[in-house]
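Engineer: Note that the protein sequences, when read in sequence, are chains E and R.
Under this note's numbering, think of the first position of the first sequence as 1, with each following residue one higher.
Under this note's numbering, think of the first position of the second sequence as 1, with each following residue one higher.
Protein chains: 2
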Amino acid sequence: MSNSKEVSKSTIERLPKYLRYLIEIDKMGAVDISSTTIAEHFNFNPIQVRKDIAQVSKKSGKPKTGFKVKELIKDIQNFLGYNNYSEAVIVGCGGLGKTLMAYSGFLSLGLKIVAAFDSNPALFGLEVNGLKIHSMEELDAVINKTSAKIGIITVPRESAQQVCDRLIECGIKGIWNFAPLHLVVPSDVAIRNEDMAASLAVLSYELAAKQKSD
Amino acid sequence: MSNSKEVSKSTIERLPKYLRYLIEIDKMGAVDISSTTIAEHFNFNPIQVRKDIAQVSKKSGKPKTGFKVKELIKDIQNFLGYNNYSEAVIVGCGGLGKTLMAYSGFLSLGLKIVAAFDSNPALFGLEVNGLKIHSMEELDAVINKTSAKIGIITVPRESAQQVCDRLIECGIKGIWNFAPLHLVVPSDVAIRNEDMAASLAVLSYELAAKQKSD
DNA sequence: GTTATATCGATATCAGTATATCGATATGCT
DNA sequence: AGCATATCGATATACTGATATCGATATAAC
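#1: Which term fits E/Val185, buried or exposed, when burial requires 16 or more other beta carbons within 10 angstroms of its beta carbon?
#2: Kindly indicate which three-state DSSP category R/Phe44 falls into: helix, strand or coil?
#3: Does any residue of chain R bring its CB to less than 8 angstroms from the CB of E/Tyr85?
#4: Identify every run of the alpha helix (DSSP H) within the stretch 49-119 of chain R, keeping only runs that are complete inside it and at least 4 residues long; order them along the chain.
#5: If you run the structure through DSSP and keep just helix, strand and coil, what is E/Met1?
#6: Tell me which residues of the stretch 13-31 of chain R have at least one Cβ-Cβ distance to chain E shorter than 7 angstroms, keeping chain order.
#7: Decide if R/Thr154 is buried, meaning its Cβ has at least 16 other Cβ atoms within 10 Å, or exposed.
#8: Mind pulling the alpha helix (DSSP H) runs of 4 or more residues that sit fully within the stretch 134-167 of chain R?
#9: Quick one: list the residues of chain E neighbouring R/Leu123, beta-carbon separation under 7 angstroms, in chain order.
#10: What number of angstroms, rounded off, separates the C-alpha of R/Ile143 from the C-alpha of R/Pro63?
#11: Using beta carbons (cut-off 8 angstroms, strictly below), is R/Leu72 in contact with chain E?
#12: Count the CB pairs spanning the stretch 24-32 of chain R and the stretch 54-71 of chain R that are closer than 8 angstroms, and state whether there are at least three.
#13: Out of E/Leu203, E/Asp188, E/Ser187, which has the shortest C-alpha to C-alpha gap to R/Asn256?
#14: Looking at chain E, is there any beta carbon in it that lies within less than 8 angstroms of the beta carbon of R/Gly66?
#15: When DSSP labels each residue in this structure, what does E/Ala30 get in the three-state scheme?
#16: Counting pairs of beta carbons, one from the stretch 101-119 of chain R and one from the stretch 130-138 of chain R, are three or more of them closer than 8 angstroms?
#17: I'd like to know if the stretch 158-171 of chain R and the stretch 12-29 of chain E are in contact, where contact means that at least 3 CB-CB pairs between them fall below 8 angstroms.
#18: Measure the C-alpha to C-alpha separation of R/Met196 and R/Ala190 and round it to an integer number of angstroms.
#19: Helix, strand or coil: which one does DSSP assign to R/Val128?
#20: Note the first and the last residue of the continuous beta strand (DSSP E) segment covering R/Ala179.
#21: Assess, as a yes-or-no matter, whether the stretch 91-104 of chain E is touched by the stretch 96-106 of chain R under the definition of 3 or more beta carbon pairs within less than 8 angstroms.
#22: Shortest alpha-carbon distance to E/Ser8 belongs to which of E/Ile38, E/Glu169, E/Ile25, E/Gln55?
#23: R/Arg192 bridges to which residues according to DSSP?
#24: Please list the residues of the stretch 191-207 of chain R that have a C-beta atom closer than 9 angstroms to any C-beta atom in chain E, keeping them in chain order.
#25: Out of R/Asn120, R/Ile73, R/Ala39, R/Ala148, which one is the CA nearest neighbour of R/Met136?
#26: Taking 7 angstroms as the line, does the beta carbon of E/Ala54 fall inside it for any heavy atom of the ligand NAP?
#27: Give the residues of chain E in contact with R/Gly81, contact being defined as C-beta atoms less than 8 angstroms apart.
#28: E/Thr146 to E/Ile152, Cα distance in whole Å?
#29: Taking only three categories from DSSP, how would you classify E/Ser8?
#30: Can you find a C-beta in chain R that's less than 8 angstroms from the C-beta of E/Pro63?
#31: In whole angstroms, what separates the C-alpha of E/Ile175 from that of R/Leu181?
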């Protein structure tokens with residue numbers, strides 16, 4: 001993989017947060033920003049912020065003032081690939097699926113949903129936000145007309161793994177799973193399980209812990 | 001905080017996954033299960049699985065056969081508090097809000113949404129899945145009629161932090177945030193930021209990394 | 001009944017991330 | 001102009017979670 005340094009998952013999760021903040025303060029006229037100030041805003045550690053920045057930006061900050069807001073924005077956007085978008089398909093046009101299809105924010109995150117599928121014949125041909133819903137039979141054909149490499153799964157739990165497998169057969173290389181189960185994929189495929197049960201469990205545990213100490 | 005051992009966030013995130021799997025194989029008639037088998041199913045490390053289990057179950061596994069499926073299920077459910085549910089309120093009844101309100105799976109995760117709010121007068125009084133939508137003015141009054149400690153935020157980005165602050169004023173102690181920004185809360189409040197941008201960034205990065213190495 | 005082995009649980013090691021330390025320096029202030 | 005200081009970047013340390021090692025043992029197979 002040529003040369004580019006490994007960047008940790010945790011760092012990558014923080015970068016979009018910094019970016020949103022920077023864009024906000026840029027709008028408000030800020031020119032310079034220090035890692036200290038960023039850190040204070042998020043309740044993060046300033047050293048961590050500085051190290052995160054160092055990994056995606058070659059511009060070095062200046063003592064006393066910090067970094068140039070606009071330069072940082074560019075560097076982070078560039079690193080995250082927000083300039084040139086990737087195509088994605090979505091399978092499952094129920095409540096959540098439709099919500100995601102209607103979400104206008106993906107484009108600015110470098111993601112463009114280019115096709116939608118569902119197994120329910122009642123939905124075939126319907127349009128959600130300009131996206132026609134295709135049958136599952138058309139999966140292969142439609143995907144291959146696009147350059148989509150990401151598949152978003154918003155089907156019920158029972159069919160999710162099967163849908164996942166089919167997407168991979170169709171050449172999909174990254175799975176963004178919203179179904180309530182942990183999908184398993186071959187090692188050459190990237191997977192992100194958006195597990196609400198796991199997330200809620202952590203929240204509840206932390207809530208309980210904080211309640212205890214008062 | 002009395003005695004109960006600290007359990008790591010990572011462990012807690014895995015527990016619901018184990019649980020779903022165990023319930024599934026229990027239905028299929030499995031009586032015993034080994035950490036090895038669980039690990040294989042998820043592509044996890046068996047030692048990790050065993051350590052996770054050891055933290056929530058006092059029952060010890062037997063060489064050669066492993067653990068009793070039904071006992072494990074009970075212990076994990078008990079640890080995660082899936083028996084007695086906590087109440088939650090939701091603020092923001094747009095697409096995502098409605099989807100969450102309609103989701104029937106929360107009850108089995110120990111969560112019950114007991115009230116819904118929105119700032120749009122056109123929605124006041126409407127019912128979604130048996131939940132009446134209240135105005136934001138009623139926030140305090142309605143919350144205090146419940147024992148809700150968790151607030152789910154599904155409002156647009158612009159108003160999210162403000163909504164968060166108000167919920168905390170009303171006595172909410174845990175925030176589950178689905179708005180696309182990183183909310184900051186006082187240290188006695190638990191927060192879970194469901195940050196899709198962060199999540200997508202990780203997926204994209206891993207996808208790019210895997211694409212590179214072929 | 002004996003033996004081979006899968007699995008457990010405890011302890012030790014390793015890896016990766018977060019935090020702390022510290023010298024250097026550019027800027028703002030007097 | 002000179003001084004005080006906030007911030008940087010590099011290096012070092014500490015912490016946390018993941019993985020490896022290994023002896024003990026219950027079970028399955030023969």
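Cβ coordinates follow ideal geometry from the N, Cα and C atoms, glycine included.
All figures in this text were calculated on a predicted structure; none of them were measured in a lab.
Structural biologist: Straight from the coordinates:
#1: By the neighbour-count rule (16 or more Cβ atoms within 10 Å), E/Val185 is buried.
#2: DSSP places R/Phe44 in the coil class of the three-state scheme, outside both helix and strand.
#3: It does not; no Cβ of chain R falls within 8 angstroms.
#4: Whole alpha helix (DSSP H) segments, 4+ residues: 69-80, 95-102.
#5: Its pLDDT being 37, under 50, E/Met1 is placed unreliably in this model, and the coordinates cannot settle the point.
#6: Residues passing the 7 angstroms Cβ filter: Glu13, Leu15, Pro16, Lys17, Arg20.
#7: Per the 10 Å Cβ criterion, buried.
#8: Taking only runs of at least 4 residues, the alpha helix (DSSP H) segments lying wholly in the stretch 134-167 of chain R are 139-145.
#9: Here the premise fails: no neighbours, minimum Cβ distance about 16 angstroms.
#10: Computed Cα separation, rounded: 51 angstroms.
#11: By this cut-off, R/Leu72 is not an interface position.
#12: Flag = yes, the stretch 24-32 of chain R and the stretch 54-71 of chain R touch.
#13: In this structure chain R extends from 1 to 214, so residue 256 of chain R is not present and cannot be described.
#14: Not an interface residue.
#15: Judged by DSSP in its simplified three-state form, E/Ala30 adopts coil rather than helix or strand.
#16: Cβ pair count under 8 angstroms is three or more, so yes.
#17: Touching, no, given that fewer than three Cβ pairs across the two stretches are closer than 8 angstroms.
#18: So the alpha carbons of these two residues sit roughly 19 angstroms apart.
#19: R/Val128 falls in the strand class under three-state DSSP.
#20: That residue, R/Ala179, is in no beta strand (DSSP E); it is neither H nor E in DSSP.
#21: Contact check between the stretch 96-106 of chain R and the stretch 91-104 of chain E: three or more CB pairs, one atom from each, fall below 8 angstroms, which counts as touching.
#22: Checking every option, the nearest Cα to that of E/Ser8 belongs to E/Gln55.
#23: DSSP lists R/Trp176 as partners of R/Arg192.
#24: Against chain E - using a Cβ distance shorter than 9 angstroms - the residues of the stretch 191-207 of chain R are Ile191, Arg192, Asn193, Glu194, Asp195, Met196, Ala197, Ala198, Ser199, Leu200, Ala201, Val202, Leu203, Ser204, Tyr205, Glu206, Leu207.
#25: R/Met136 has its Cα closest to that of R/Asn120, out of R/Asn120, R/Ile73, R/Ala39, R/Ala148.
#26: Absent from the structure shown: the ligand NAP. Ligands present: none.
#27: Ser204, Ala208, listed in chain order.
#28: When only Cα atoms are considered, E/Thr146 and E/Ile152 end up about 15 angstroms apart.
#29: Here E/Ser8 sits in coil by DSSP.
#30: E/Pro63 does not count as touching chain R.
#31: As the crow flies, the alpha-carbon of E/Ile175 is around 23 angstroms from that of R/Leu181.
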